[in-house]
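Take the sequence shown: its position 201, counting from 1, is numbered 886 in the working numbering, and each next residue is one higher.
Notes follow the structure.
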Amino acid sequence: MKIRVYQLAKELGVPSKQLVEELKKLGVDIVSYQSTVDEETADLLRELLKAEPSKAAENGKESKVESTEEETVTAEAGKSEKELAPKRPPVVTVMGHVDHGKTTLLDAIRRTRVAEREVGGITQSIGASVVNYKGQKIVFIDTPGHEAFTEMRARGAMVTDIVVLVVAADEGVMPQTIEALNHAKAAGVAIIVALNKMDRPGANPDRVMNQLAAMGLIPESWGGDTIYVPVSAIKGEGIEDLLEAIILIADLLDLRGDPEAPLKAYVIESRLDKGKGPLATVVVREGTLRVGDFVVVGTTYGKIRAMFDDKGDPISSAGPSMPAEIMGIQDVPEAGTLVQRVDSLEEAERIAKSNLDLQRDKQQKTRKEFSLEEILSSSEEEKPVLNLILKADTAGSLEAVQNALLKLEKGEVDMNIIHAGVGAISDGDVILAEASKALIVGFNVRPVGKTNKLIEEKGIKVLTYRIIYDLVDDMANLLKGLVKPKEVEVVLGHAEVRRTFKVPRVGTVAGCYVTDGKIVRNGRVRVLRNGVIVAETSIGSLKRFKDDVREVVQGFECGVGLENFHDIKEGDILEVYTIQEEVA
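This is the structure in structure tokens:
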């Protein structure tokens, strides 16, 4: 008969890590927390660990006589607040590719809770669910995707302890799987892989493990430290194994939260209810949130009139890791906003108004970009690290760029590619860049539409290239500490192609609407199709109705003819720009 390491650890009341160390001393190699040991080895461990407490007590008695007062004080001071605080439940976020079964898996987990006859039935949607598994609570955060996860992190809301990465065993790693993995890695949280859809005929878990192992998630069975759990969410199979894995990781992380500490809570979801008014779901990290508390939530405030748990039942308080929906604030706050407790409603109003004024001042001031110097900033003792987000038009281009960058010699700066993907530069890339203080590099791709506005608002540094040698040369200079580019590109405006016309002896003319900035005659222009650059040329003609004009500004229509390019299609975006020498 065999027993798993973590089960034996639980039986003996010791951390799994301690058992692993003891097994290594006994000569048992490549042991993970999910590995099994035979009964003989288990008995040996029981005897060893049974003898240790008395020995420790004896040693402790001796040392007590010999220890000085100074040593005793030092030992007590060595205990951190985390060690003294009680344990708290883990907070888990489920992420992965669309249609790989994230929602179905959460539903299956919730049904497990109901199967244990917990009062209240299936959870209501407040953005979080609490599962009571074998006497231990686990909090699941329901987020709409990895972009929301990272957007909260960008605001400082480090709510999640563990990410469950859901991958369909019959489809394998997909683009959003990679994005979710990179976002989780950037957050520095523990990752468990749920191999879903194991009931499908085409399920191939080995292929998935190979794909993810290449990205750094080495399975425990291969000597790594990532737990892989085969599940079938639709059949409810493997759910208990997944919950066991979550409890195991939580024990190893030794998660603690002091209910008596100053309040630290974050908004994870908010909404406006017709009957109850503005509502916000918060997760408490430290301290205790109570009905009657006066709170400041970013630019809004209020007195908590009522609180509800994840089943919709009224509660009077919420401690560390616990989610609660609060009622009584004035407006709907943004996800990721910090909840502060104050002494009076007047103080709450004053602080909220001050926060609102600061926000308005920030919006009115000229935006401040992340300079390359800031991106490369570090302490004097540490080597600067250049975090990169790479986007390219095709998988082949992306691979070529990555390979070229990996061959660069490291100079004064280290390079870390935190995310690489195919397609236009998206909102998610911008949010990840803000949270990770990263530089976005695009090869044959550009940001389009509202992403440009987000880049401007966040002040993110974006460099785009058409020639791989230019990209590699610039990155090589950055690694050598030469951070100032010789030229600066200034985007003047964008226009959307609404219609196209064939004109004899001229070619194709695009009927456009200027969406932002301005379009100028003889200006440089890129033609973007779904965010990918299909041409780079200049404007040959610019008309308003039948008249030639020098420029057309935002909100007006115009006719545009391009030099040496006539394959214009409806829906294309014309990006007009100029190149300026950087002023030293």
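Ideal Cβ placement from N, Cα and C applies to all residues, glycine included.
A quick note: this is a predicted structure, and the numbers were derived from the prediction, not measured.
(message) What would DSSP say about residue 890, mapped onto helix, strand or coil?
(response) In the sequence shown, the residue the question calls residue 890 occupies position 205. The DSSP-derived three-state label of residue 890 is helix.
(request) Starting from residue 1162, trace the alpha helix (DSSP H) both ways and give me its first and last residue. (result) Counted from its first residue, the sequence shown places residue 1162 at position 477. The continuous alpha helix (DSSP H) containing residue 1162 extends over residues 1153–1164.
(message) Between which two residues does the alpha helix (DSSP H) holding residue 1088 run?
(response) Taking the sequence shown and counting its residues from 1, the one referred to as residue 1088 is at position 403. Membership of residue 1088 in the alpha helix (DSSP H) is indicated by the continuous run 1080–1091.
(request) Within the same chain, show all residues whose beta-carbon is closer than 8 Å to that of residue 1223, passing over the 5 residues directly before and after it, in chain order. (result) Within the sequence shown, residue 1223 is the residue found at index 538, counting from 1. For residue 1223, where only same-chain residues beyond five positions count, the Cβ hits under 8 Å are 1207, 1208, 1209, 1210, 1247, 1248.
(request) Report the rounded CA-to-CA distance for residue 1214 versus residue 1178, giving the unit in angstroms. (result) Here residue 1214 corresponds to residue number 529 of the sequence shown, with the count starting at 1. Here residue 1178 corresponds to residue number 493 of the sequence shown, with the count starting at 1. Spanning the two alpha carbons is a distance of roughly 16 Å.
(message) Can you check which of these residues, 1088, 1076, 1098, is closest to residue 1069 by C-alpha distance?
(response) The count along the sequence shown starts at 1 and reaches residue 1069 at position 384. If we check each option's Cα against that of residue 1069, 1098 comes out closest.
(request) Select from 896, 693, 1146, 787 the residue whose C-alpha is nearest the C-alpha of residue 918. (result) One-based indexing of the sequence shown puts residue 918 at position 233. For residue 918, the nearest C-alpha among the options comes from 787.
(request) Would you tell me roughly how many angstroms separate the C-alpha atoms of residue 1188 and residue 896, rounded to the nearest one? (result) Position 503 of the sequence shown, counting from 1, holds the residue named residue 1188. Position 211 of the sequence shown, counting from 1, holds the residue named residue 896. Going by the C-alpha atoms only, they are around 52 Å apart.
(request) Please check the pair residue 1008 and residue 824, which I expect to be a contact at CB under 8 Å, by giving their CB distance rounded to whole angstroms. (result) As a working mapping, residue 1008 is identified with position 323 in the sequence shown. As a working mapping, residue 824 is identified with position 139 in the sequence shown. Confirmed, Cβ separation roughly 6 Å.
(message) Suppose the cutoff is 8 Å on Cβ atoms and the five residues either side in sequence are ignored; what does the same chain contact list for residue 1093 look like?
(response) Along the sequence shown, read from residue 1 onward, the residue named residue 1093 stands at position 408. Annotation for residue 1093: 1100, 1157, 1160, 1161, 1164 place their beta carbon closer than 8 Å to its own, counting only its chain and skipping 5 residues before and after.
(message) Using a Cβ-Cβ cutoff of less than 7 Å, which residues in the same chain neighbour residue 813 once the five nearest sequence positions on both sides are dropped?
(response) Translated into the one-based positions of the sequence shown, residue 813 becomes position 128. Shown here for residue 813: same chain residues with a beta carbon closer than 7 Å to its own, the five before and five after excluded, namely 824, 825, 826, 827, 953, 966, 968, 995, 1008 in chain order.
(message) In whole angstroms, give me the CA-to-CA distance for residue 927 and residue 1202.
(response) Taking the first residue of the sequence shown as 1, we reach residue 927 at position 242. Taking the first residue of the sequence shown as 1, we reach residue 1202 at position 517. Cα to Cα, the separation comes out at about 52 Å.
(request) Using beta-carbon positions only, say whether residue 1027 and residue 1033 come within less than 8 Å of one another. (result) As a first step, residue 1027 must be located in the sequence shown, where it is residue number 342. As a first step, residue 1033 must be located in the sequence shown, where it is residue number 348. In this structure, the beta-carbon distance from residue 1027 to residue 1033 falls below 8 Å.
(message) With three or more beta-carbon pairs closer than 8 Å as the criterion, would you say the segment 879–888 touches the segment 897–904?
(response) Flag = no, the segment 879–888 and the segment 897–904 do not touch.
(request) Can you grab the Cα-Cα spacing for the pair residue 881 / residue 778, in whole Å? (result) As a first step, residue 881 must be located in the sequence shown, where it is residue number 196. As a first step, residue 778 must be located in the sequence shown, where it is residue number 93. One Cα belongs to residue 881, the other to residue 778, and the distance between them is close to 16 Å.
(request) Grab the span of the alpha helix (DSSP H) containing residue 1138 for me, first residue to last. (result) Looking up residue 1138 in the sequence shown gives position 453. Segment 1135–1143, the alpha helix (DSSP H) holding residue 1138.
(request) Please state whether DSSP places residue 1132 in a helix, a strand or coil. (result) As a working note, residue 1132 is residue 447 in the sequence shown. If DSSP states are grouped into helix, strand and coil, residue 1132 belongs with the strands.
(request) Could you name the residues of the same chain whose beta carbon sits closer than 8 Å to that of residue 1220, not counting the 5 residues immediately before and after it, in chain order? (result) Position 535 of the sequence shown, counted from the start, is the residue given in the question as residue 1220. Excluding the 5 residues flanking it on each side, residue 1220 has same chain C-beta neighbours closer than 8 Å at 1211, 1212, 1247, 1250, 1252, in chain order.
(request) In angstroms with no decimal places, state the Cα-to-Cα distance between residue 1133 and residue 1183. (result) As a working note, residue 1133 is residue 448 in the sequence shown. As a working note, residue 1183 is residue 498 in the sequence shown. Rounded to whole angstroms, residue 1133 and residue 1183 show a C-alpha spacing of 16 Å.
(request) Quick one: grab the DSSP three-state call for residue 855. (result) Residue mapping note: residue 855 aligns to position 170 of the sequence shown, counting from 1. For residue 855, the three-state secondary structure derived from DSSP is coil.
(request) Could you check if residue 983 is buried or exposed, using at least 16 other CB atoms within 10 Å of its CB as the buried criterion? (result) Against the sequence shown, residue 983 aligns to sequence position 298. When all chains shown are included, residue 983 counts as buried.
(message) The beta strand (DSSP E) that contains residue 1104, what's its start and end?
(response) Within the sequence shown, numbered from 1, the residue matching residue 1104 stands at position 419. First-last of the beta strand (DSSP E) with residue 1104: 1099–1107.
(message) Could you tell me the alpha carbon to alpha carbon distance between residue 1199 and residue 1140, rounded to whole angstroms?
(response) By one-based count along the sequence shown, residue 1199 stands at place 514. By one-based count along the sequence shown, residue 1140 stands at place 455. Roughly 19 Å between the two C-alpha positions.
(message) One question on the structure: do residue 849 and residue 785 come within less than 8 Å of each other, judged by their Cβ atoms?
(response) Within the sequence shown, the letter at position 164 stands for residue 849. Within the sequence shown, the letter at position 100 stands for residue 785. No; because the gap between Cβ atoms is not below 8 Å, this pair is not in contact.
(message) Taking 8 Å as the threshold (C-beta atoms), are residue 960 and residue 987 in contact?
(response) Numbered from 1 along the sequence shown, position 302 holds the residue referred to as residue 987. Numbered from 1 along the sequence shown, position 275 holds the residue referred to as residue 960. Cβ atoms of residue 987 and residue 960: not closer than 8 Å.
(message) Taking the straight line between their C-alpha atoms, what separation do you get for residue 1052 and residue 914?
(response) On the sequence shown, residue 1052 is found 367 positions in, with the first residue counted as 1. On the sequence shown, residue 914 is found 229 positions in, with the first residue counted as 1. For residue 1052, the pLDDT reaches just 45, beneath the cut-off of 50, and the residue's location in the model is therefore unreliable, leaving the point undetermined.
(message) Which runs of the alpha helix (DSSP H) at least 4 residues long sit entirely within the segment 913–942? Give them in chain order.
(response) Taking only runs of at least 4 residues, the alpha helix (DSSP H) segments lying wholly in the segment 913–942 are 924–938.
(message) Going by DSSP in three states, residue 1076 sits in which element: helix, strand or coil?
(response) Translated into the one-based positions of the sequence shown, residue 1076 becomes position 391. Looking at residue 1076 - three-state DSSP - the assignment turns out to be strand.
(request) Identify, in the order they occur along the chain, each residue of the same chain with its Cβ nearer than 6 Å to the Cβ of residue 1271, setting aside the five sequence neighbours on each side. (result) Only positions 686 to 1269 of the chain appear in this structure, which leaves residue 1271 out of reach.
(request) Kindly give me the distance between the Cβ atoms of residue 940 and residue 974, rounded to whole angstroms, as I take these residues to be in contact under 8 Å. (result) Reading the sequence shown from its first residue, position 255 is the one you call residue 940. Reading the sequence shown from its first residue, position 289 is the one you call residue 974. Not confirmed; about 18 Å, so no contact.
(request) State the Cα-Cα distance for the pair residue 1238 and residue 774, rounded to the nearest angstrom. (result) For the purposes of this step, residue 1238 is taken as the residue at position 553 of the sequence shown. For the purposes of this step, residue 774 is taken as the residue at position 89 of the sequence shown. Residue 1238 and residue 774 have their C-alpha atoms some 56 Å from each other.
(message) Give me the DSSP bridge partner(s) of residue 821.
(response) For the purposes of this step, residue 821 is taken as residue 136 along the sequence shown, with counting starting at 1. Residue pairing from DSSP places residue 821 in a beta bridge opposite 818.
(message) Please return the same chain residues whose Cβ sits closer than 8 Å to the Cβ of residue 1256, not counting the five positions on each side in sequence.
(response) In the sequence shown, residue 1256 corresponds to position 571, counting from 1. Scanning its chain for C-beta atoms nearer than 8 Å, with the 5 sequence neighbours on each side dropped, one finds around residue 1256 the residues 1181, 1182, 1214, in chain order.
(message) Out of 783, 1073, 1103, which one is the CA nearest neighbour of residue 859?
(response) Counting from 1 along the sequence shown, the entry for residue 859 is found at position 174. Of the residues 783, 1073, 1103, the one whose Cα lies closest to the Cα of residue 859 is 783.
(request) Note down the Cα distance separating residue 744 from residue 698, rounded to an integer number of angstroms. (result) As a working mapping, residue 744 is identified with position 59 in the sequence shown. As a working mapping, residue 698 is identified with position 13 in the sequence shown. Because the pLDDT of residue 744 is 38, which lies under 50, any placement of that residue in the model is unreliable, and the number read from its coordinates should be weighed accordingly. A direct Cα-to-Cα measurement between residue 744 and residue 698 gives close to 21 Å.
(request) Measuring alpha carbon to alpha carbon, tell me which of 932, 688, 957 ends up nearest residue 820. (result) Working through the sequence shown from its first residue, we reach residue 820 at position 135. Answer by Cα proximity: 932.
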